[in-house]
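Quick note on numbering: our numbering labels position 203 of the sequence shown as 189, and the sequence is numbered without any gaps. Glycine included, C-beta positions come from ideal geometry on N, C-alpha and C.
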Amino acid sequence: MPSQLKIVMIAAECVPYAKTGGLADVAGALPKALRALGHEVIVVMPKYSSIDEQKFGLRPFLSPMGVWMGNTQEWCSIYTASNDGVPTFFVDFERYFDRPGLYHDAYYNDYLDNPFRFGFLTRAALQLCVELDFKPDIVHCHDWHTALAPAFLKIWHWNDPILSGAASVLTIHNVAYQGNYDASCYGYLGLQRGNFTADKLEDHGRVNFLKGGIQYADVVNTVSPTYARETRTPALSHGMALYLNGRGDNYVGILNGVDYTEWNPAVDTLIPAHFWPHDLSGKAACKAELQRQMGLEVNSYVPIVGVVSRLAAQKGLDLLAQAIEDIVSSMQVQFAILGSGDPGLEAFFRSAAARHPGRIGAYIGYSNPAAHLIEAGADFFVMPSLFEPCGLNQIYSLKYGTLPIVRATGGLDDTVEQYNEATGTGTGFKFWQPTPRAIFDTVGWAVSTYYDRKHHLNQMIQQAMAQDYSWEKSAHAYENLYDKALRNRQA
Ligand code: ADP
Ligand code: GLC
-13 MPSQLKIVMI AAECVPYAKT GGLADVAGAL PKALRALGHE VIVVMPKYSS IDEQKFGLRP
47 FLSPMGVWMG NTQEWCSIYT ASNDGVPTFF VDFERYFDRP GLYHDAYYND YLDNPFRFGF
107 LTRAALQLCV ELDFKPDIVH CHDWHTALAP AFLKIWHWND PILSGAASVL TIHNVAYQGN
167 YDASCYGYLG LQRGNFTADK LEDHGRVNFL KGGIQYADVV NTVSPTYARE TRTPALSHGM
227 ALYLNGRGDN YVGILNGVDY TEWNPAVDTL IPAHFWPHDL SGKAACKAEL QRQMGLEVNS
287 YVPIVGVVSR LAAQKGLDLL AQAIEDIVSS MQVQFAILGS GDPGLEAFFR SAAARHPGRI
347 GAYIGYSNPA AHLIEAGADF FVMPSLFEPC GLNQIYSLKY GTLPIVRATG GLDDTVEQYN
407 EATGTGTGFK FWQPTPRAIF DTVGWAVSTY YDRKHHLNQM IQQAMAQDYS WEKSAHAYEN
467 LYDKALRNRQ A
């Protein structure tokens, strides 16, 4: 493997510019970690109109740039900015990216032209490499949005002096989102009729971006070892098990890291007081501030359970909704909930907060400062996910000494060590059944530990804060994956 690789990452969202979930955290942090290991990385993403150009110092870079989509040539512009030293390029194309949302409108209706938007982004990113004379060793795409990059490389660029040597890597952050669309977009994507077959891009008469990525990429990975195993089984693969198993050992799980310059109570700029394992007094100040901001009773003796989540079916919060009122009626505990998404769940948590003033606090919306305050100020953090490819919030929670209460699935199972009531070892509380009862019982277990086994609770907080999920380790695992991709490409 060349010691210094040239890598282009293509992603639909990236911190700090545009984010709806963990994909953005990864697309922001992994390039920095790879750069720190000596690789040359560039990132390509859309120039959404929501990106604050001034704040992030975006400057015009190239205009116009022609991109062939099927028989149509589209003309876009490219902007650039430095993301802590990582050159980041923004594809400016008003027809596709000048709208309020990343993927959907304010009512959560997906934009109907999403396959056109993200097919175009992907093709534009490859074209940009040509314009930049940037000859990548690795083209690394993320999720369905950019999963066609390997197909574009193999169908269109196999002979191109800049792109023909590139190996492709697809990272699946969530197999449930596949980009499965009516075949009428296929002509625009320009991937040739002959490839619209069941072993490549076709899926029951439709186009499936993720499946195409799985079939064409030189290697495929997902974001935790357990989720990699789970997605090889029909139950959790959303129909992809056949194709993922077909990739044999070219499909692996690599646990995400987290960015401890952003998510770390010793340096976090978004919380009212800092704290460390040896001095937790700042955490008490964060707790009081959280109680104030969430309209909870300000009382240091009552434990707070935090939630920060997209309100989507995946996250299992309808199970929490069924249990939460029983919990606050029968235990001395408070909830601080931050989330947005499903309108029914939004309405439920708002009304639950109104019914239990001082006990349940709900902030419906998206707020990064509020997310940091919950991580810092809560005592526990609950994630009852039905499936969870990795999950970042429980890893953040560990660093803030906020013990996770999680359903043992995917990355949640890989990152949280079960509490052992005999010895006090462990970093959190796990349950298996996806039921309100299991949530009730496990929150009860955590709350009783808080009140009755303080020495164990303190021991667990120390153990949790000592966990190290920094990106460096994961970045080394990606280096090995790139090596494998290059070998596959050469073969
Ligand atoms: P997913 O990507 O499936 O949503 P992750 O746990 O990997 O789940 O990442 C979620 C990320 O999005 C975290 O950084 C979390 O803090 C953030 N997040 C989710 N919902 C909100 C919200 N309502 N406000 C602020 N941040 C949020
Ligand atoms: C996805 C998954 C989440 C993961 C994130 C980043 O959104 O739902 O579990 O942590 O991607 O990889």
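Would you list, in sequence order, the uninterrupted alpha helix (DSSP H) runs of no fewer than 4 residues that lie entirely inside the region 179 to 256?
Uninterrupted alpha helix (DSSP H) stretches at least 4 residues long and entirely within the region 179 to 256 occur at 195 to 202, 211 to 216, 220 to 223, 227 to 232, given in chain order.
G363 and C272 - do their beta-carbons sit closer together than 9 Å?
Against a cut-off of 9 Å, the Cβ pair of G363 and C272 comes out as a contact.
For P50, three-class secondary structure by DSSP:
Here P50 carries a strand assignment [DSSP, helix/strand/coil].
Considering only heavy atoms of ligand 1, does any lie closer than 8 Å to the CB of Y352?
Checking every heavy atom of ligand 1 against the Cβ of Y352, one is found closer than 8 Å.
Given K459, which residues of its chain have a CB within under 7 Å of its CB, disregarding the five upstream and five downstream residues?
So the list reads G243, once near-sequence residues are dropped.
Could you give the distance in angstroms between the alpha-carbon of F417 and the alpha-carbon of A424?
When rounded, the separation of the alpha-carbon atoms in F417 and A424 is 7 Å.
Give the range of the alpha helix (DSSP H) segment to which K18 is assigned.
DSSP places K18 in the uninterrupted alpha helix (DSSP H) bounded by 8 to 22.
Leaving aside the five residues before and after P32 along the sequence, list all residues of the same chain whose C-beta is less than 6 Å from its C-beta, in chain order.
For P32, where only same-chain residues beyond five positions count, the Cβ hits under 6 Å are V77, F83, L107.
Need the endpoints of the beta strand (DSSP E) that Y349 sits in, please.
First-last of the beta strand (DSSP E) with Y349: 346 to 350.
Using the beta carbon as the reference atom, which residues fall closer than 7 Å to any heavy atom of ligand 2, ordered along the chain?
That query returns the following residues: G7, G8, L9, D11, V12, H159, N160, V209, N242, Q300, E374, P375, C376, G377, L378, G396, G397.
Using 8 Å as the cut-off, classify the Cβ of A488 as near or not near the heavy atoms of ligand 1, replying yes or no.
Lying before the first or after the last residue shown, residue 488 is absent from the chain, which here runs from -13 to 477.
Can you list, in chain order, the stretches of the alpha helix (DSSP H) that have 4 or more residues and sit fully within the region 367 to 395?
Unbroken alpha helix (DSSP H) stretches of 4 residues or longer found wholly inside the region 367 to 395: 379 to 385, given in chain order.
Where does the unbroken beta strand (DSSP E) through R508 begin, and where does it stop?
Because the chain spans -13 through 477 in this model, residue 508 falls outside it and cannot be assessed.
Given a cut-off of 9 Å, decide if K18 and F120 are closer than it, judged by their beta-carbon atoms.
At a Cβ-Cβ threshold of 9 Å, F120 and K18 do not count as neighbours.
Cβ-heavy atom distance between K385 and ligand 1 below 8 Å?
No, the Cβ of K385 stays beyond 8 Å of every heavy atom of ligand 1.
Ligand 1 and S63: does any heavy atom of the ligand fall closer than 8 Å to the residue's C-beta?
No, ligand 1 has no heavy atom inside 8 Å of this Cβ.
Just checking S326 against ligand 1 - is the residue's beta carbon closer than 8 Å to any of the ligand's heavy atoms?
Correct: S326 has its Cβ closer than 8 Å to ligand 1.
Quickly, what does DSSP pair K416 with across the bridge? List them, please.
Bridge partners of K416: V392.
Following a CB-centred definition, is R296 positioned closer than 8 Å to any heavy atom of ligand 3?
This structure does not include ligand 3; its bound ligands are ligand 1 and ligand 2.
In whole angstroms, give me the CA-to-CA distance for P73 and T66.
C-alpha separation (whole angstroms): 7 Å.
If we ignore side chains and look at the alpha-carbon of each, how far apart do V193 and L222 end up?
Distance between V193 and L222, taken at the CA atoms: about 21 Å.
Shorter than 8 Å, the distance from the beta carbon of K18 to the closest heavy atom of ligand 1, or not?
No.
Return the first residue and the last residue of the beta strand (DSSP E) that W61 is part of.
Element bounds for W61: 58 to 69.
Please name the residue, chosen from S434, W457, K197, that lies closest to Y163 on a Cα-to-Cα basis.
Nearest option by C-alpha distance: K197.
Whole-angstrom C-beta distance between F75 and L114, which should lie under 8 Å
About 6 Å separates the two Cβ atoms, so the contact holds.
Going by DSSP, what residue range makes up the beta strand (DSSP E) through T74?
T74: member of the beta strand (DSSP E) spanning 72 to 78, first to last residue.
Could you tell me the boundaries of the alpha helix (DSSP H) in which H358 lies?
Note, H358: alpha helix (DSSP H), 354 to 363.
With a threshold of 8 Å, establish whether the CB of A356 neighbours any heavy atom of ligand 1.
Result yes, Cβ under 8 Å from ligand 1.
I'd like to confirm something about Y34: is its beta-carbon nearer than 8 Å to some heavy atom of ligand 1, or not?
Not so, every heavy atom of ligand 1 lies at least 8 Å from the Cβ.
Would you call the CB atoms of G239 and T208 closer than 9 Å?
The answer is yes: Cβ separation under 9 Å.
Beta-carbon contacts of P150 that lie in its chain and below 7 Å, excluding the five residues immediately before and after
Before going on, a small fix: residue 150 reads as Ser here, not Pro. Excluding residues within five positions, the ones whose Cβ falls inside 7 Å are H143, W144.
With which residues is Q404 paired in a DSSP beta bridge?
Q404 is bridged to G414.
If you draw a straight line from the C-alpha of D438 to the C-alpha of L297, how long is it?
Approximately 33 Å, taken between the alpha carbons.
Endpoints, the alpha helix (DSSP H) within which E504 is located
In the structure displayed, the chain extends from -13 to 477; residue 504 sits before or after that span and is not available.
From L187 to K140, what distance separates their C-alpha atoms?
If I take the Cα positions, the gap works out to 13 Å.
Terminal residues of the continuous beta strand (DSSP E) containing T157?
First-last of the beta strand (DSSP E) with T157: 153 to 158.
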